[in-house]
Every structure is written in structure tokens, then in C-alpha cells.
Amino acid sequence: MNAVFAIAPALPLHSAGKYVAGAYIVFAVMLIVYLGIMGVRLMRTQRELAEMKRQLDEAQAAEKQPDRDLEHV
Amino acid sequence: MEDKNDLTEYGKGLRGWVIATAVMIGLALALVFFYAPLDANQGFLQKIFYIHVPLAIMSLCGFVFGGILAIGHLRTGDRRWDMRSYVAIHMALIFGIAGLLAGSIWAKASWGHWWVWSDPTLTSFLIVLLLFATYQPLRFSIEDPERQARYASVFAIVGGAFVPLNFIAVRLSQQYVHPRVLTLTGGNLPGSMRLTFFISLIAIVLLYATMWKFEMTAKETRMQLRRVKRQLLGDDSMRPLGRSAAPS
């Protein structure tokens, strides 16, 4: 780790560092906001998909029910 | 080998794209901060170059890409091309805004101003960005989806053709504040800086491609869900989509 720091340029955080950090942080924040929005939408889609699956299972169960009743007769 | 969990055409191989992008971004950041030497004039501040320029290049290429995809829509009438074009332009706008903000921060630190109106590179980029910022309102203003897609495609093609023309005009200008470090003859970047720049550029291109695929997958999944819903519950149970700028 010390070797890595030895070859790295010293971070002049007092002057240029804050601008460099700002530029990279702006990009990172935009990326995180985008991924956050997409993540929320994805969760909503997954929720809807789970609801559809539940409704499909219920519909299939209801279709099978009359057949079973007929077998008893 | 295909992943059986991938439900959509665009979802195929998405995991590989995400891993490749993450690796390249990590490599690019390592090169920027641990390998590329400090610039003789700007010092540490020049590190913004490795994020600002690739973002701006990718944004402009994204607008052209959107125009090319829109040609596919007008040629075939297939609305999937419109969707591809819409997502390409949407992504290019995000990259463009990020590039513009990074450049503005650099300008403040380097020139003492957030913005310099007299510089043709800055102003022309803003014009291109504002032009494509009207793409979504244009779509939203047209209710009929077929007409919306057609008009948006024409806009994307004209806008996409404007980008290289604009670039050439700026390159021909004589008065500029913006430094010219990349040229067809090699420019004046030393080898280690050039390598770092091209790795950063590849990382940003990969990020764009991955985000494009990701958004296409999300949109395609939502459309599939809507189709299944319609089949299962019937048309009457569906809520109307309402007016939207996004292709539906």
C-alpha cells in the first residue's frame, strides 16, 4: 500500500483538489441518481410481476377446481 | 452460453457488460490518479480532463447514434428503432450534462469563470445540448404515438447530422480559449497521458453502452409485463397509458 502512495501524486486538497473532487463527484452523483431512479422503477415492475403471478396462480387453481368436483361425481 | 434468467433481448449478457464497465472504470481511475503524470501547467487540476473530455465526446457520439437509430425507424416503421433512438438520446443528454458540469468546474478553477461565452467550443456544445433538450418536450407535445415516433425520428436525424457539422465549424474557428490537445496528427499529449485518456474514453463508452442496454431491458420488461397483463386481465382492466414522452 505504501508503494502505491509513493507513486501517487500528492493530493493538493487545499486548492485544485476540491475542484477535481467536485468534477468527479458530480459525475458519481448523477450516476447514482440515475441508478436510483432505475432501481425504484425496477422494483415497481418486479412488484407488478409478482402480483400478476399471484393472479395467474389463482386463476389456474380456480380452473382446476371444477375438474376435481366432476371427478367426485 | 445464454443466461436463462434473461427475459428480454437486451438483458442478454448485461451482467458481463456491467462487470467489464466496472473493471474499466476502476482501471481508468487508477491510471488517472496513480499513473498519469501531473501536467506541467495545470498540475493536479488537469485530472478533470480524463472525465470531462470522454463525457463530452460520448455525449456528442450518443446524439449521432440516436440519429442513426432513428433512420432505422423511418426506413422500417418498426417502433423498436424509435425506442432505441430515444434511449440513446436520453443517455447522451445525461452524459452531456455531466460533461458540461465537469467542464464548468474546470473552467472556474483554471480561468476563474464558470462559463466563458466567447469560447466557441463551450457555446457550441451548449447549443447542441439545448437542441436535444427539446427532444423530450417535442415528444410529449404529440399525443398520437405513431406521429410522435415519426416526428421524433426526423428531429433525431436532423439533430444528429448537425453535431458533426457543428464540430467541424468549431475546429475551423481561430479564436478560442479551449485548449486543443487531441488532433488527427496525434496532438500534444505525452504517451502516459494519452494511454490514460484512451482507457478513460473506453470506460465511458462502455458505461454508455451498459446504461443503454440496462434502460432498454427495463423498458422492454415493462412492455412485456403490460402485454401479459392485457392478455390475462383483458383490455378493459388496463389503465390508459396517458400522454408520455417515452415510446410505449
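Heads up: the protein sequence lines correspond to chains V and E, in order.
For what it's worth, the numbering used here labels the leading residue of the first sequence as 1, then goes sequentially.
For what it's worth, the numbering used here labels the leading residue of the second sequence as 74, then goes sequentially.
In this text, a Cβ means the ideal position worked out from N, Cα and C, and glycines have one as well.
DSSP three-state assignment for residue i, whether helix, strand or coil
i                      : result
residue 150 of chain E : coil
residue 232 of chain E : helix
residue 84 of chain E  : coil
residue 116 of chain E : strand
residue 265 of chain E : helix
residue 320 of chain E : coil
residue 110 of chain E : coil
residue 307 of chain E : coil
residue 158 of chain E : helix
residue 273 of chain E : helix
residue 132 of chain E : helix
residue 54 of chain V  : helix
Contact list for residue i against chain V, beta-carbon separation under 9 Å
i                      : result
residue 186 of chain E : The contacting residues do not exist; residue 186 of chain E stays about 13 Å from chain V at best.
residue 298 of chain E : 45, 48, 49, 52
Partners in chain V for residue i, counting only beta-carbon separations shorter than 7 Å
i                      : result
residue 267 of chain E : None at all; the shortest Cβ gap to chain V is about 18 Å.
residue 174 of chain E : 26
residue 124 of chain E : 23, 24, 27
residue 302 of chain E : 52
residue 295 of chain E : 45
residue 120 of chain E : 20
residue 167 of chain E : 30, 34
residue 171 of chain E : 26, 27, 30
Below-7 Å beta-carbon distance, residue i vs any chain V residue
i                      : result
residue 307 of chain E : no
residue 116 of chain E : yes
residue 182 of chain E : yes
Contact set between residue i and chain V, taken where Cβ atoms lie within less than 8 Å
i                      : result
residue 179 of chain E : 19, 23
Beta carbon proximity, residue i to chain E, threshold 7 Å
i                     : result
residue 48 of chain V : yes
residue 54 of chain V : no
residue 43 of chain V : no
Interface residues of chain E facing residue i [CB-CB closer than 8 Å]
i                     : result
residue 75 of chain V : Past the boundaries of the shown model lies residue 75 of chain V; chain V is included only from 1 to 73, so the question cannot be answered.
Where the alpha helix (DSSP H) through residue i begins and ends
i                      : result
residue 106 of chain E : 87-107
Partner residues on chain E for residue i, Cβ-Cβ distance less than 9 Å
i                     : result
residue 61 of chain V : The premise fails here: residue 61 of chain V is roughly 14 Å from chain E at the closest Cβ pair, so nothing lies under 9 Å.
Alpha helix (DSSP H) runs contained entirely in the stretch 172-242 of chain E, provided each spans 4 or more residues: Counting only runs of 4 or more, we get 193-206, 208-214.
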